[in-house]
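Here is the structure we will look at.
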Amino acid sequence: MSETILEIKNLTKWYKDIRAIHEVSFSVQRGMVFGILGPNGSGKTTTLGILLGVLNATSGSFSWFGNGEKDENRKRIGALLETPNFFPYLSATENLRIVAAIKEMDDPESRIDEVLKKVKLYTRKDSDFKTYSLGMKQRLAIASALLSDPEVLVLDEPTNGLDPQGIAEIRNLINDISKSGKTILIASHQLDEIEKVCTDVVILKNGDVIRQSGIESIVEGAKQMVIAAADSSKMISVLDQLEGARLLENNDGWCTIEVTDDLSPEDVNCFFFDKGLVLSELRVTKKTLEAQFLEITK
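Counting from 42, one number per residue, gives the positions in the sequence shown under this note's numbering.
Now the structure itself:
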């Protein structure tokens with residue numbers, strides 16, 4: 042039986058006359074890599090701020106580890122909420138020693154080396170923070186969040202502003218951390234990255250929860266096919282007669298169609314052949330999380 046790590050019930054936050062979130066409710070089970078999705082302004086950061094005690098909710102409640110909203114819960118949580126903020130002229134090791142002192146850790150040296158190896162910064166542990174790339178700075182921030190070996194890791198937009206290599210590094214790091222059994226909570230608007238790392242998601246829009254489910258259940262059944270033929274205009278004109286299919290996109294004769302699960306590539310091929318058309322392209326694809334998100338949030 043799964044263990045509930047976080048339970049949120051009807052969280053609402055007003056900033057004077059601006060409603061940031063409204064009756065947000067969802068739950069996170071142990072071992073999940075849980076994504077909070079939504080465009081900028083949807084309430085992701087506000088939600089995390091309340092959960093970490095940085096902000097007070099207007100109404101509603103939440104509970105960590107079945108232990109309510111007690112301050113002591115935060116000792117079991119590592120968090121990265123903002124842009125990494127370290128001393129630029131100190132090394133990674135020196136900066137983490139300061140973090141360890143703030144967290145009142147006993148004998149942190151071995152743990153510092155351990156987390157620096159985890160985030161692949163050990164060979165640069167004596168380099169000044171100011172010499173790090175943006176991706177390295179972000180990885181050091183995650184090392185800081187991991188320093189006290191928390192049960193839960195909370196990350197707000199961990200790949201924001203990074204180049205493709207930096208994004209891939211953070212993605213691989215998150216996947217690696219999740220394999221150790223930690224529960225990870227990520228807020229992001231970068232849907233393609235969330236799809237690659239998360240097991241479950243909640244989708245926010247204008248402060249409201251509009252869906253919570255596993256990643257697979259969001260994209261399952263969203264089968265698509267890419268088709269093409271020499272006579273693309275005829276192909277498109279007869280497509281309306283193909284039951285269980287609808288045109289999503291026409292890109293210079295290369296058409297993306299959405300099809301029901303019972304419609305096989307053989308069925309599609311036979312249909313067009315019977316109409317006097319030979320398809321030059323026919324391949325099955327899956328609708329991306331981004332495409333599903335755009336439909337869900339319409």
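Each residue gets a CB set at the ideal place from its N, CA and C atoms; glycine is no exception.
No experiment lies behind these values; they were computed from the predicted model shown.
- For Phe312, the uninterrupted alpha helix (DSSP H) run begins and ends at 306-315, by DSSP.
- For the set Asn292, Asn291, Gly294, Asp281, the Cα lying nearest the Cα of Val309 is the one of Asp281.
- The C-beta separation of Leu89 from Ala182 comes to about 15 Å, leaving the pair out of contact by the 8 Å criterion.
- Taking the C-beta atoms as reference points, Ile227 is found no nearer than 8 Å to Ile118.
- By the criterion of at least three beta-carbon pairs nearer than 8 Å, the segment 263-279 is in contact with the segment 296-306.
- Listed in chain order, the non-local C-beta contacts of Gly84 below 6 Å within the same chain comprise Ala61, Ile62, Leu245, Gly248, local neighbours out to five positions each way being set aside.
- Taking the CA atoms as reference points, Ser43 sits about 15 Å from Trp105.
- Straight-line measurement puts the Cα of Ile211 at about 14 Å from the Cα of Thr124.
- Scanning Gly107, Asn126, Thr53 for the CA closest to the CA of Thr99 turns up Thr53.
- Within 10 angstroms of the beta-carbon of Ala184 lie 16 or more other beta-carbons, which makes it buried.
- Pairwise C-beta distances place the segment 147-167 out of contact with the segment 231-241, as fewer than three of them are shorter than 8 Å.
- Using a Cβ-Cβ distance cut-off of 8 Å, the segment 167-174 and the segment 128-146 are in contact, since at least three pairs of beta carbons, one from each stretch, lie closer than that value.
- Residue pairing of Ala133 in beta bridges, as defined by DSSP: absent, with no partner found.
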